[in-house]
Ligand code: 5RP
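Numbering (the numbering used here), first residue to last: 110 to 327.
Here it is, written out as structure tokens:
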């Protein structure tokens, strides 16, 4: 199986977790795109979706799935999203697609975070994948210095602007032994909008696609 076939397999299993008549939180990325396509086949059975990016919104709209503003709702039973890395505690690095801030906001509101991944995303220790950090443009150089002080090597994502009009620094060289601590420390840097560590609010369920099938892990 190709990596994309594995991503699709995890996404199809995630459709089983979509409650009848509910609003669904939808993440961003190539794995989630398969989930959105699956949602399109059952759109009469859901009330609509809250999206974490302009890209996902466009795909949802193209399939006729109603989009809701997060401020309109109080109950979001399920959020489905991919990850760049996920560890045994279900802490994740996210933001490879640059949508980390909105993803974090929607995930915070959701009751259950369902992570859909192919098996290559499972790691013992987070940090081989560079950690994305969204920063306000005027704070870029300051935040770079602070991230270097924390032991990382920040690299500006060239030619990329987030849906919120900000920049992404991809932080290389981190071996993240304590994801919660680092998530908090980076959030303390003035000018950081959000960082791609999802440790305080990790996943609740992991649907991990392997060539032998999709493992459901809780
Ligand atoms: C986007 C994300 C994605 O979930 C993450 O990058 C995984 O992407 P893909 O499903 O394409 O492998 O966090 O900001």
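Virtual Cβ for every residue (Gly too), placed ideally from N, Cα, C.
Reference residue i, options the options, closest by Cα
i           : options               : result
residue 302 : 204, 191, 114 and 167 : 204
residue 236 : 147, 194, 183 and 171 : 194
residue 214 : 317, 252, 304 and 326 : 304
residue 115 : 140, 259, 185 and 128 : 140
residue 130 : 145, 210, 187 and 119 : 187
residue 292 : 240, 270, 324 and 127 : 240
residue 160 : 135, 149 and 167      : 135
residue 234 : 248, 289 and 166      : 289
residue 180 : 294, 167, 198 and 211 : 211
residue 273 : 294, 209 and 327      : 209
residue 259 : 117, 294 and 265      : 294
residue 167 : 149, 184 and 269      : 149
One or two residues paired with residue i in a DSSP bridge
i           : result
residue 160 : 135
residue 281 : 262
residue 202 : 194 and 306
residue 114 : Residue 114 is not bridged to any residue.
residue 226 : 317
residue 231 : 195
residue 322 : 319
residue 186 : Answer is none; residue 186 lacks a bridge partner.
residue 288 : In DSSP, residue 288 forms no bridge with anything.
residue 241 : 279
Spatial neighbours of residue i in its chain, beta-carbon cut-off 6 Å, leaving aside the 5 residues before and after
i           : result
residue 307 : 201 and 203
residue 263 : 253, 256, 278 and 280
residue 154 : 129
Any non-hydrogen atom of ligand 1 closer than 7 Å to residue i Cβ
i           : result
residue 198 : no
residue 302 : no
residue 137 : yes
residue 134 : no
residue 213 : no
residue 294 : no
residue 205 : yes
residue 191 : yes
residue 208 : yes
Contact set for residue i: own chain, Cβ-Cβ below 8 Å, skip 5 residues either direction
i           : result
residue 338 : Any answer about residue 338 is impossible in this case: the structure gives the chain only from 110 up to 327.
residue 261 : 240, 280, 281, 282 and 283
residue 192 : 201, 202, 203, 224, 226, 230, 307 and 312
Own chain, CB closer than 7 Å to residue i, minus 5 neighbours either side, in chain order
i           : result
residue 231 : 195 and 317
residue 123 : 144, 189, 223, 225 and 316
residue 152 : 172, 173 and 174
residue 275 : 243, 244, 245, 246 and 302
Stretch pair the stretch 227-247 + the stretch 293-306: three plus CB contacts closer than 8 Å: yes
Cβ contact (3+ pairs, closer than 8 Å) linking the stretch 305-313 and the stretch 221-228: yes
Cβ contact (3+ pairs, closer than 8 Å) linking the stretch 269-288 and the stretch 170-180: no
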